[in-house]
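Chemist:
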């Protein structure tokens, strides 16, 4: 089976990461974003990933050139979608923004294209109501960094169909990922569990239980997590974690999802994690 033509909408951390992973797997990829400078920044990040792959011996220089040749950027959404077989949305975690985007995507994408959202917590079913044929819509929740993390959550919804689930599972496996299928519920499986761990780690830091480094080390060495919850939050983005926590707290009405003050304060100060150079850790210049 030939790798499908992929269009990724949104060139931020997740968007350019998904685009890179798809190109690594042999897919022709178009990355689109209408924000000024977003595509240039995405290219610089992708070139950094390619250079890192060559340096670590994961790619040869020729292979890196081939992977780059599979990628193109296109600021115009309609042009970017013209021949897509799989469309993956990776924009801000805002339900109305996603709904408006999906309505535009459905108008421009080929009728047989699979329409996937990378949302980590929002209702896929509510996103799907923005299109005329909700059965085309599926959740495909990737994890950061996309080229390293093997999990993809394939999220079903009430108006979905098994054909879309099967296509999403097959596509995830073509990318070398391990898909799990979960139903459309707040936070799905991973965010619902991961956010609780991350927020509790923040409360411990707030209470002076231990340093950020030692809290993370407890999970890395004591529970064999590849990365501690505070460092992971820095990679995901504190603003993203705050938005997810607020959504889960509002929808599930459980106290463990209430964002702690330390998270709100850091976001208010613009300390959003690695992308801004500072979060729970100091990362230097973004």
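Numbering (our numbering), first residue to last: 3 to 288.
Ideal Cβ placement from N, Cα and C applies to all residues, glycine included.
Using a Cβ cut-off of 7 Å (strictly closer), state whether residue 171 contacts chain B.
Modeler: Note that chain B does not occur in the displayed structure, where there is just one protein chain.
Chemist: With H, G and I counted as helix, E and B as strand and the rest as coil, what does DSSP make of residue 142?
Modeler: It is a strand residue.
Chemist: For the candidate residues 61, 208, 31, 14, whose alpha-carbon lies nearest to that of residue 6?
Modeler: Considering only alpha carbons, the answer is 31.
Chemist: Starting from the Cα of residue 179, find the closest Cα among 91, 151, 66 and give me that residue.
Modeler: With distances taken between Cα atoms, residue 179 lies closest to 151.
Chemist: Are the beta-carbon atoms of residue 170 and residue 142 separated by less than 7 Å?
Modeler: Going by C-beta atoms, residue 170 is nearer than 7 Å to residue 142.
Chemist: In the DSSP assignment, find the beta strand (DSSP E) that holds residue 197 and state where it starts and stops.
Modeler: Note, residue 197: premise wrong, no beta strand (DSSP E); alpha helix (DSSP H) at 192 to 208.
Chemist: Cβ of residue 305 within 7 Å of Cβ of residue 44?
Modeler: An answer regarding residue 305 cannot be provided, because it is not within the stretch 3 to 288 covered by the chain.
Chemist: In terms of alpha-carbon separation, which member of 11, 67, 222 lies closest to residue 51?
Modeler: Cα-wise, what sits closest to residue 51 is 67.
Chemist: DSSP on residue 224, reduced to helix/strand/coil?
Modeler: Of the three classes helix, strand and coil, the one that applies to residue 224 here is helix, per DSSP.
Chemist: For residue 12, count neighbouring C-beta atoms within 10 Å of its own C-beta (all shown protein chains included) and say buried if the count is 16 or more, exposed if not.
Modeler: With 16 or more other Cβ atoms within 10 Å, it is buried.
Chemist: Per DSSP, residue 181 forms a beta bridge with which residues?
Modeler: Answer by DSSP bridge pairing, in chain order: 154.
Chemist: Counting pairs of Cβ atoms below 8 Å between the segment 260 to 271 and the segment 200 to 220, do you hit three or more?
Modeler: These segments touch.
Chemist: Distance, Cα to Cα, residue 108 vs residue 10?
Modeler: Cα-Cα distance, rounded: 14 Å.
Chemist: Mind the definition here: the segment 162 to 177 touches the segment 231 to 243 only if three or more C-beta pairs lie below 8 Å; say whether that holds.
Modeler: The segment 162 to 177 vs the segment 231 to 243: no contact.
Chemist: Using 10 angstroms around the beta-carbon of residue 195, count the other beta-carbons present and answer buried if the total reaches 16, otherwise exposed.
Modeler: Residue 195 is exposed by the Cβ-count criterion.
Chemist: Could you give the DSSP three-state label for residue 275: helix, strand or coil?
Modeler: In the structure shown, residue 275 sits in a strand (DSSP, three-state: E or B).
Chemist: DSSP has residue 280 in a bridge; who is on the other side?
Modeler: Answer by DSSP bridge pairing, in chain order: 275, 284.
Chemist: Less than 7 Å between the beta carbons of residue 188 and residue 250, yes or no?
Modeler: It is a contact, given that the beta carbons lie within the stated cut-off.
Chemist: Classify residue 57: buried if its beta carbon has 16 or more other beta carbons within 10 angstroms, exposed otherwise.
Modeler: Exposed, since its Cβ has fewer than 16 Cβ neighbours within 10 Å.
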